[in-house]
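Take a look at the structure set out below.
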Amino acid sequence: MSNILVIAELHDGHVRKSTHSAIAFARQAGSTSPPSTFSILVLGQGAKAAAAEVTTFGAAKVIAVDDAYLANPVAERVAPTVAAIAKSGGFDVVVVTASSFGKDVAPRVAAKLAAGYAPDISSVSAEGGKLTYKRPVYAGNAFASCEVTTAVQVVSVRQSEFAPAEPTGGASPIEDGALAAKDPAAERVEFVALGEAKSERPDLGEAKVIVSGGRALKEKFAEVLDPLAGLLGAAVGASRAACDAGYAPAELQVGQTGRVVAPKLYFAIGISGAIQHLAGMKGSKTIVAINKDPDAPIFQVADYGLVADLFTAVPELVTELKKQT
Amino acid sequence: MKILVPLKRVADPDNANKVKVNAGKLETTGLEWKPNPFDEYAVETALRLTENGANPKARLGEVIVVAFGPKETETTLRGALATGADRAIRVDATDDQLDGDLVARALKAIAEKEKPDLILCGKQAVDGDSNQVAQLVAEYLGWPQATFAGSITSEDDKSLLVIREVDGGTISLRITFPAIVSVDLRIVAPKSVKSKHTADTHTYADGVRFAALMAIMAAKKKPLVEMKLADLVGADTALKIKYNSFELPPARKAGIKVKTVAELVEKLKSEAKAL
Chain A
0 MSNILVIAEL
10 HDGHVRKSTH
20 SAIAFARQAG
30 STSPPSTFSI
40 LVLGQGAKAA
50 AAEVTTFGAA
60 KVIAVDDAYL
70 ANPVAERVAP
80 TVAAIAKSGG
90 FDVVVVTASS
100 FGKDVAPRVA
110 AKLAAGYAPD
120 ISSVSAEGGK
130 LTYKRPVYAG
140 NAFASCEVTT
150 AVQVVSVRQS
160 EFAPAEPTGG
170 ASPIEDGALA
180 AKDPAAERVE
190 FVALGEAKSE
200 RPDLGEAKVI
210 VSGGRALKEK
220 FAEVLDPLAG
230 LLGAAVGASR
240 AACDAGYAPA
250 ELQVGQTGRV
260 VAPKLYFAIG
270 ISGAIQHLAG
280 MKGSKTIVAI
290 NKDPDAPIFQ
300 VADYGLVADL
310 FTAVPELVTE
320 LKKQT
Chain B
0 MKILVPLKRV
10 ADPDNANKVK
20 VNAGKLETTG
30 LEWKPNPFDE
40 YAVETALRLT
50 ENGANPKARL
60 GEVIVVAFGP
70 KETETTLRGA
80 LATGADRAIR
90 VDATDDQLDG
100 DLVARALKAI
110 AEKEKPDLIL
120 CGKQAVDGDS
130 NQVAQLVAEY
140 LGWPQATFAG
150 SITSEDDKSL
160 LVIREVDGGT
170 ISLRITFPAI
180 VSVDLRIVAP
190 KSVKSKHTAD
200 THTYADGVRF
210 AALMAIMAAK
220 KKPLVEMKLA
230 DLVGADTALK
240 IKYNSFELPP
250 ARKAGIKVKT
260 VAELVEKLKS
270 EAKAL
């Protein structure tokens, strides 16, 4: 039986949907006998109002630390409060979704708590009251089964592997949490700017359909993919090669070191299928590959492969889909 | 500027799909050891920060590389020395004696002795894919961190402006030394690192530099010292994460090739029910 603390990620005054994957972890890890309990920590500016968004998930309580000091996601500012609340609340498992925020903050929290850290896990088992984790290694070419040996554990969960928790009703009480003493390290970090990519499209981590393009699209990356993505309400992704060549912005990169995604439907267009790219998308339910090279490795993971010139096939696909609706 | 760069050797990442599992144990036999690509980017970044790009042979600062591993790991260190690093440290250990936390605590001890302005490392090693050591070292040292750096500007001798690559965009931070930065892929693009020693007009070749034969020979004479893990972390060598077994991922069932766009749409609708 554990006492689990879920760290919520706040953005624009709201709890990010990615947090629901960490809540899903808490429910699975807590399915012990007797069942574990979990609480949710919402911290940041506007945390008090945002806390109301996660009171229906069955948490024992929602702790809000609402302070302008936490207005920006700076690890040196966030970690001390997370660690202090974990300690004072007697939590023995601290979990966050392995977003860029979670990956930045979680190890600092672990070091503060003298806790072991299980990064980017894909599943959890609570058999015999002991938590064991699976996590992908070697770009997803193997899965490791591991456990943390310390009394307190910090975990980050892969969003694409933990389906977002649905609300179960009820009303968890919201209580105020205190800002911890400030870390001297925080005085040596100045938050300069947030460069947010403006997009009408859904976030890669949350999209049901993703249309990804490779280097073969060249300067026509957006021109070719946007109509298809628009029609399907899809997020746009890219291979590393397309990002490196400047055809697509870096934040669209899908892969071992970019975003890891698992949508219902994934289009790989003009993507050859390097190991590093496959690591980021092979959990997708249905994969479609369009490539003019019949030997491209992407066809080995694709459910449906079309050997064709993408510059004619993609517009044709748009026309065909429009006919269907 | 004095920079410490931790380096890890990994089984050839471009052939990671040849990793085998035998009775729950991971086998990488037949795979060549290579430096972790992100760590190579960190070395390249350190070199760019400590030189005038127009005259990269003169080092305007010091770059120290450190690796954990058996004697053979020195090949990886010599490789970094050949590209321009000044000296190297090997901490004698085997992989199964280490986890990210222990490596971080040992790096803390090295940093306290060497007193670098900056620790630069790859954001993750592509074998364990953990993405943790930079953050752990930062916390253990009480230093600020800038993770997943896609661009670094060295404005003066006290701080760096770092543009981090994060989900959905970028975050710019200014961090004051001593500090730690973990680098992302695009740090080795031609204009990603701006050092005050290098003219704004200078453009680097894309990617990491390669060592000339002469430099490889010369690197054999550069200082390389060995340290013992116990001398750095004392008796506390317990691992905080235990790997019990490994397995291969479930194979995807073989797909089919469709001949036309119309057939593709038909299959997506009626068979996959994905539309």
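Residue numbers (numbering that gives the first Met the number 0), protein chains in the order written: chain A, 0 to 324; chain B, 0 to 274.
Don't be surprised by glycine CBs; every beta carbon is placed ideally from N, CA and C.
Whether residue i touches residue j by CB criterion (9 Å)
| i | j | result |
| --- | --- | --- |
| residue 204(A) | residue 134(A) | no |
| residue 6(B) | residue 66(B) | yes |
| residue 10(B) | residue 24(B) | no |
| residue 185(B) | residue 145(A) | no |
| residue 326(A) | residue 215(A) | This structure cannot settle anything about residue 326(A), because the visible part of chain A is limited to 0 through 324. |
| residue 147(A) | residue 114(A) | yes |
| residue 188(B) | residue 117(B) | no |
| residue 153(B) | residue 175(B) | no |
| residue 44(B) | residue 162(B) | no |
| residue 153(A) | residue 227(A) | no |
| residue 198(B) | residue 29(B) | no |
| residue 223(B) | residue 101(B) | no |
| residue 77(A) | residue 104(A) | yes |
| residue 194(B) | residue 26(B) | no |
| residue 245(B) | residue 125(B) | no |
| residue 4(A) | residue 109(A) | no |
| residue 270(A) | residue 233(A) | no |
| residue 180(B) | residue 133(B) | yes |
| residue 278(A) | residue 143(B) | no |
| residue 79(B) | residue 31(B) | no |
| residue 210(B) | residue 204(B) | no |
| residue 247(A) | residue 235(A) | yes |
| residue 130(A) | residue 28(A) | yes |
| residue 13(B) | residue 240(B) | no |
| residue 320(A) | residue 264(A) | no |
| residue 171(A) | residue 38(A) | yes |
| residue 100(A) | residue 165(B) | yes |
| residue 275(B) | residue 182(B) | In this structure chain B extends from 0 to 274, so residue 275(B) is not present and cannot be described. |
Coarse secondary structure for residue i, derived from DSSP in three states
| i | result |
| --- | --- |
| residue 325(A) | Nothing about residue 325(A) can be reported from this structure: the residues present for chain A run from 0 to 324 only. |
| residue 175(A) | strand |
| residue 65(A) | strand |
| residue 87(A) | helix |
| residue 329(A) | Residue 329(A) lies beyond the residue range present for chain A, which begins at 0 and ends at 324; the question has no answer from this structure. |
| residue 135(A) | strand |
| residue 131(B) | coil |
| residue 283(A) | coil |
| residue 159(A) | helix |
| residue 14(B) | helix |
| residue 26(B) | strand |
| residue 291(A) | coil |
| residue 96(A) | strand |
| residue 148(B) | strand |
| residue 270(A) | coil |
| residue 320(A) | helix |
| residue 124(A) | strand |
Supposed contact pair residue j and residue i - C-beta distance, whole angstroms, cut 8 Å
| i | j | result |
| --- | --- | --- |
| residue 35(B) | residue 102(A) | Going by Cβ atoms, the distance from residue 35(B) to residue 102(A) rounds to 17 Å, so no, they are not a contact pair. |
| residue 91(B) | residue 225(B) | 6 Å |
| residue 202(B) | residue 220(B) | About 32 Å; that fails the 8 Å criterion. |
| residue 121(A) | residue 142(A) | 7 Å |
| residue 206(A) | residue 262(A) | 5 Å |
| residue 47(A) | residue 63(A) | 5 Å |
| residue 268(A) | residue 212(A) | 5 Å |
| residue 125(A) | residue 30(A) | 6 Å |
| residue 24(A) | residue 136(A) | So it is not a contact: roughly 19 Å between Cβ atoms. |
| residue 254(A) | residue 275(A) | 5 Å |
| residue 139(A) | residue 248(B) | 6 Å |
| residue 4(B) | residue 119(B) | 5 Å |
Practice item. Examine the Cβ distances between the stretch 132-140 of chain B and the stretch 98-107 of chain B and report whether three or more of them are shorter than 8 Å. Key: yes
**Study point:** Segments of 3+ residues assigned as beta strand (DSSP E) that fall wholly inside the stretch 219-264 of chain B
**Key:** 223-227, 240-246 and 255-257
Practice item. Please determine if the stretch 161-175 of chain B and the stretch 183-198 of chain A are in contact, where contact requires at least 3 C-beta pairs separated by less than 8 Å. Key: yes
Review point. Which parts of the stretch 150-225 of chain B are runs of the beta strand (DSSP E), unbroken and 3 residues or longer, counting only runs that do not cross its ends?
Key: 158-165, 168-175 and 178-182
Practice item. Say whether the stretch 250-262 of chain B touches the stretch 298-308 of chain A, bearing in mind that this needs 3 or more beta-carbon pairs closer than 8 Å, one atom from each stretch. Key: yes
Review point. Which ranges does the beta strand (DSSP E) cover as unbroken runs of at least 3 residues, wholly within the stretch 44-109 of chain B, from first to last along the chain?
Key: 61-68 and 86-91
**Study point:** Minimum length 4: unbroken alpha helix (DSSP H) runs contained in the stretch 9-83 of chain A
**Key:** 18-28 and 46-50
Review point. Is the stretch 78-90 of chain B in contact with the stretch 45-64 of chain B, if contact means three or more CB pairs nearer than 8 Å?
Key: yes
**Study point:** Contact between the stretch 52-61 of chain A and the stretch 71-87 of chain A (3+ Cβ pairs under 8 Å)
**Key:** no
Review point. Per the contact definition of three or more C-beta pairs closer than 8 Å, is the stretch 91-98 of chain A in contact with the stretch 181-190 of chain A?
Key: no
Review point. Curious, which full-length beta strand (DSSP E) runs of at least 3 residues does the stretch 181-259 of chain A contain?
Key: 188-195, 208-212 and 234-237
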